[in-house]
Amino acid sequence: MTRIATPAELDSLRRSLIQARDPNRRVIAVCGGTGCRASGSLSVIGAFREELRDQGLDGEVDVVATGCPGLCERGPIVVIRPQGIFYERVTVEDVSAIVGESVLKGEVVERLLHVDPETGRRATFKEDIRFYQKQKRFVLDQNGIIDPTSINDYIELGGYSALCKALRGMTPGEIIEEISASKLRGRGGAGFPTGLKWRFCHEAPGETKYVVCNADEGDPGAYMDDSLMEGNPHRVLEGMIIGAYAIGAQYGFVYIRNEYPLAVEHLQMAIDEAEACGLLGKDILGSGFDFTLEIRLGSGAFVCGEETALMASIEGRIGEPRPRPPFPAQSGLWGKPTNINNVETWANVPIIINRGAEWYSSQGTERSGGTKIFSLVGKINNTGLVEVPIGTALGDIIYDMGGGIRGGKRFKAAQLGGPSGGCIPKEHLDATVDYATLQELGAIMGSGGLVVCDEDTCMVDLARYFLSFVQEESCGKCIPCRVGTQAMLDTLERICAGEGREGDIEYLIELASEIKRSALCGLGQTAPNPVLTTIRYFRDEYEAHIRDKRCPAGACQELFVSPCQNACPAGTDVPLYTSLIAEGRFTEAVAAILDTNPFPSVCGRVCHHPCEAKCRRNQTDAAVSIRQLKRFVGDHVENRPLPSVTSRANPAKVAIVGAGPSGLTCAYFLARMGYRPTVFEKLPVAGGMLAVGIPDYRLPRDVLEREIQGIEALGVEIVTNTSLGQDTTLAQLQGQGYEAFYIATGAHGGRRLGIAGEELQGVVQAVDFLRDVNLSPGETRAGRRVAVVGGGNAAIDAARSALRLGAERVYVLYRRTRSEMPAQAEEIEAAQAEGIEFRFLVTPAAIVGDGEKVSAVECQPMELGEYDRSGRRRPIPAQDDPFQLEVDMVVAAISQSPEATDALGDSDVETTAGGLIKIDGNGCTNLPNVFAGGDVCSGPSLAINAIAAGEKGAVAIDQYLNPDETRIYSWRQMRPADVPFDPGAKAVEYGRCQTSELTVAERSAGFREVEGTISADTAVREARRCLRCDCRETEM
Amino acid sequence: MDFKPCELATTIGMNGQDTPLISVLEEIQSRYRYLPREAMVLVSERMGVPLSQVYSVATFYNAFSLRPKGRHVVTVCMGTACHVRGSKRVLEQVEETLDIRPGETTPDRQFSLETVNCLGACALGPIMVIEGEYFGQMTPDKVEPGLDQYSNGGDEGENE
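Heads up: the protein sequence lines correspond to chains A and B, in order. For the first sequence, the numbering used here assigns the number 18 to the initial residue and increments by one for each residue that follows. For the second sequence, the numbering used here assigns the number 7 to the initial residue and increments by one for each residue that follows.
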């Protein structure tokens, strides 16, 4: 390599490189970054070379291993130039097709293109992929294009021209001024203004000065620095050389962690090449400026990312931090003025010098210029590196670039800044990612690790994870960090193991503030942040661990037996009944369900099955069809065994108000404890929403009645057509000798749309419509053309019922998009199959009448705006013109409300502003003898939640009536499953069972049940798919 | 590889007097895959650094090991991105299969198990590395097939 002696020589080298480049040359660019290597890109590169050789093309087509283009999840990434065709997840098997189609014929191999998860559209070029569209890639622009091991590639694309510009026409003072004016702030975490830092070091007295690149990217989950050094090492070098010139440093070090072998290799190659060209060393580009750069390997100590510890390590000592001041700018390496910036900060420098501070500062916010790279990882669809202007909304990063949460799960929080940072919950998805906003929310920008957590991530466990990390990495020099974080960790470990105590949260907060105040270095001072932010936003999760010994996310293994049982609000022992079904022991299986839930056949039809979402079988193929198994065994066993009932009678009279799932479950458990409760029901039938909210095609009446009869058989009396508030009152019931009450009147009121025309004939509430459909199916009529407004299950039920009543066209109008719809996915799919027309992003503006009757609904098109407190984008009116849909019936299904106030009359039971009854965690109201649960306390919710609340209420009532007795509630005890299990056996490999369904033509004929029950053979087969997570022991 | 004092002498000699202690230890570690006691004594003598200081550096940094490593080093990443995607269960599976804990080596000296805080392949987590070969998107049931490639005496998956 010839030495480049002057800026002019560099320019002429660049010109000759550009001239020599054939723009039509065919190139296969394969990502050779660490991420894609983990997906097998090295074998793909080898296979391409071999294929080209076999075809005799190796002289005509180049294969280049590039740096990381960012979309790591989809690796290995292959780009075919000159067209720029972007292929993802390329395997060795795809190589000959790519060479045959794309390289030789210029055609596209469709199956390897990126598919947009939302629209299903294929993207041929990088620019068409949503992951890239909203990014602004200035620092990462050449990653994935150039060969990082070739300095010529870098020079050809303008590399080292910023250095030329700086050396040729700028004084050190001017460079520092430019960096200051660019508003560049340190990308390593603290965000200190870079220009100011340089000025301090520049002005510090002394001949010998150092610059250091902090490449000890220790924040777990952040890898943008790794990727920059692997993919474009010369840009980092160029930034450092310019910085050294401005500061007046002659020596530099790159302190890089040894866990990044590829980055070390590429950086060393870059240093060697730059030295050979004269871009490092003596008299760089003829300017008289000398600068020598060396690599120092970090040896696996997180604390060495702290600048004083880092310097100790470069000097060859153990990496213990020391107090500041003196700051490195005064006394750094070997006591000399030293300037330390991290990789990404250095890589921004050439861009600022080339494009100017004015342009650079126009990106980003008023106080902070430019872009920031985030490593978007965790439970997100498009994991990878994204570069966005500072000040971009967090929600945009997660949804537009990240493509949302994996597996259709719910977003819970984003963790920024690693062990020094904090988490940001869904309520703040609209927050802009800049230094000040993040700090306000308790997180920090950090080096850019953005770990996405979903509903399966336990925030207490995450806090424990970070504390154990910090405790392991604490250097031990100062006591607050060494002992204090251990004390915090001990507490968190106790909480996660189910041994938490009242006062633990306060203790953690107290310790945290002491450690923040008194620890020696940044590592210790920021170590409590993950704990503090998780307490700030997820205190309820801490309380669930401490008080209920429950891990709602299903991560803390000591707190549950199997994830499915832990997910069931009623705590149904899923592995027990599944394994019994697998053995063909159906009667015992249904007994196991009936122990905690009186409604096996009902829940086997309508349950949202949170258990299946947590099934570990999801990780291999698909969840066990737990709901179907429950339905099968509920239906199949004709003579159900009686649940355990105490032998001793309890004479106290208990009144239950409301015969829905919650009230009936409460009665069921009270009966098993020896009471003879009476259930008062306002409607002519028992069952609550199960009877009058869910249509027959989902839940046939006889199935429900059979299970209600099972409850009555235990000695429960159900009195229908008796309304609390109208027919009787709490006071009257008390007068009749009732000693305790359970209020479960549900949420049967409809919420008005609040628009003009609502009083017209043909406008109905979904709850009323569905009640009529259920109670008097023969007399209820739907319109000819029906519009249902809403996106929940009630909306879908109303729409599908209207269709069955003979409506010709049924629309569902929903103001957000399909992905925000709260209704169950299988319900939406069934409705679409039946021909119901969904109009998304539409809200009714007015109902138009022809005389007294509805004739149309005026619709306002909507679009999604900022993120709201629910973590969803808020629908706002779009620019498009409103349109009218011709309809003769409008069903309002936007929400349901409790009618507690009427029922409670002048009693003193406390309610919320929204009309819900206030209860504590045990179902107790403010009155000692009144208990409540279900929708009337929670607002409209799931049947299984109402069932769980009923059991809680029953236990609370028993404890109220028998305060002096210590009782064991048998169904709350764990029973070991007496089903043989061979831990060594391989799991069965076949997939999830299929269910039979009526054809669409058969469905429209009436209200026949759509879904069938699986056969006994299928059930046994399906049950054997269970992985038996309840068996933890590896040896029997 | 067995420790040979003559080789070490050249290592130190090649790097000259100015080589920092850490770099010398790194070279020894990468050659022998641990720091033999005799090597540390020799380093102390040759470099004129107290043995206590050599020991202090050797035990401070995670990259150094005072015990011999097995033929194949299995590393499970415990970084945040890997953690939220279930690296704990991957580690448990490796522990169960090899019957060793992190930091230990199998009695036949075939495998050593280690954990690491982050390998920079966060997008592909959980990550397991065997002898420099990265295994992305790990699940517990991919552990045994991965280890099998190395345990049958053959070195066919090895990355040279």
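C-beta atoms are modelled at their ideal positions from N, C-alpha and C, and glycine is treated no differently.
Between which two residues does the alpha helix (DSSP H) carrying A/C218 extend?
A/C218 -> alpha helix (DSSP H) spans T211 to E220.
C-beta contact flag for A/M286 and A/T166 at 8 Å
yes
Could you say if the stretch 642-658 of chain A and the stretch 608-618 of chain A meet the contact criterion of at least three C-beta pairs nearer than 8 Å?
A contact between stretches requires three or more CB pairs, one per stretch, nearer than 8 Å, and the stretch 642-658 of chain A meets this requirement with the stretch 608-618 of chain A.
Chain B contacts made by the stretch 47-61 of chain A, where a contact means CB separation under 9 Å
G50, T51, G52, C53, R54, A55, S56, G57 and L59
Please look up how many angstroms separate the CB atoms of A/L978 and A/A669, rounded, as I've assumed it's under 8 Å.
About 5 Å separates the two Cβ atoms, so the contact holds.
Looking at the C-beta of A/P237, does it have a partner C-beta in chain B at a distance below 8 Å?
Answer yes: the Cβ-Cβ gap between A/P237 and chain B drops below 8 Å somewhere.
For a contact defined as C-beta to C-beta under 7 Å, what are the partners of B/E33 on chain C?
No chain C appears in this structure, whose protein chains are A and B.
Just the Cα atoms here: how many angstroms apart are A/Q8 and A/A514?
Because chain A here runs from 18 to 1053, residue 8 of chain A falls outside it and cannot be looked at.
Label A/P134 either buried or exposed according to how many other C-beta atoms from any shown protein chain fall within 10 Å of its C-beta, with 16 as the threshold for buried.
A/P134 should be labelled exposed.
Mind reading off the beta-carbon distance from A/G728 to A/L681? Whole number of angstroms is fine, and I expect it under 8 Å.
Residue 728 of chain A is actually Ile in this sequence, not Gly. In this structure A/I728 is in contact with A/L681, their Cβ atoms being roughly 5 Å apart against a cut-off of 8 Å.
Take the Cβ of A/P586 as the centre, count every other Cβ of all protein chains shown within 10 Å, and call the residue buried at 16 or more, exposed below.
buried
By DSSP, does B/E101 sit in helix, in strand, or in coil?
helix
Kindly indicate which three-state DSSP category A/L597 falls into: helix, strand or coil?
helix
Residues, ordered as in the chain, of the stretch 109-141 of chain B that lie near chain A by beta-carbon distance below 8 Å
Hits within the stretch, in order: V122, N123, C124, L125, G126, A127, C128, A129, L130, G131, I133, G138, Y140 and F141.
Taking Cβ positions only, does A/L314 come closer than 8 Å to chain B?
yes
Exposed or buried, what is A/I35 when buried is set at 16 or more other beta-carbons lying within 10 Å of its beta-carbon?
exposed
Test: B/G85 CB closer than 8 Å to a CB of chain A:
Cβ-Cβ to chain A under 8 Å: yes for B/G85.
Neighbourhood of B/G152 by C-beta distance below 6 Å, restricted to the same chain and skipping five residues each side
Hits under 6 Å: F141.
Taking only beta-carbon positions, decide if B/A209 is within less than 8 Å of chain A.
Any question about residue 209 of chain B goes unanswered here, given that chain B covers just 7 to 166.
Look at the alpha carbon of A/I401 and the alpha carbon of A/L393, and state the distance between them as a whole number of angstroms.
Looking at the sequence itself, residue 401 of chain A is Gly, so the reference to Ile does not match. Their Cα atoms are separated by approximately 5 Å.
Counting contacts by CB-CB distance shorter than 8 Å, is A/T551 in contact with chain B?
no
Contiguous alpha helix (DSSP H) assignments of at least 4 residues, all confined to the stretch 623-657 of chain A
Runs of the alpha helix (DSSP H) spanning 4 or more residues and lying entirely within the stretch 623-657 of chain A occur at 627-631 and 643-653, in chain order.
Given the structure, does A/E560 come close to the ligand FAD, in the sense that its CB is under 7 Å from one of the ligand's heavy atoms?
This structure does not include the ligand FAD; it has no bound ligands of any sort.
Given 8 Å as the limit, is there contact between the stretch 753-765 of chain A and the stretch 882-891 of chain A, that is, 3 or more CB pairs closer than that?
no
CB contact flag (A/R856, A/L822, <8 Å):
no
Under 8 Å by Cβ, that's how I've got A/N946 and A/K969 pegged, so tell me the actual separation to the nearest angstrom.
Between A/K969 and A/N946 the Cβ distance is about 16 Å, and since that is not below 8 Å, they are no contact.
Determine the extent of the beta strand (DSSP E) in which A/T83 is found, giving its start and end residues.
V78 to T83
Quick one: is B/D147 near chain A, going by C-beta distance under 8 Å?
yes
May I ask you to report which of helix, strand or coil DSSP gives A/I273?
strand
Give, in chain order, every unbroken run of the alpha helix (DSSP H) that is at least 4 residues long and sits entirely within the stretch 464-536 of chain A.
476-490, 502-513 and 521-535
Given that B/P26 touches chain A, what residues does it touch there, using C-beta distances under 8 Å?
R313, I331, E332 and G333
Expressed to the nearest angstrom, what Euclidean distance is found between the alpha-carbon atoms of A/A630 and A/A640?
7 Å
Note down, in chain order, each residue of its chain lying with its Cβ closer than 8 Å to the Cβ of B/V149, except the 5 sequence neighbours on either side.
V96, Q99, V100, T103 and M134
Between B/V63 and chain A, is the shortest Cβ-Cβ distance under 8 Å, so that the two count as touching?
yes
Please tell me whether B/E162 has its Cβ less than 8 Å away from any Cβ of chain A.
Here the model assigns B/E162 a pLDDT of 43, short of 50, so the residue's position is not dependable, and the following value carries that caveat. Taking Cβ atoms only, chain A never reaches closer than 8 Å to B/E162, which makes this a no.
Contacts of A/D243 in chain B (Cβ-Cβ under 8 Å):
G126
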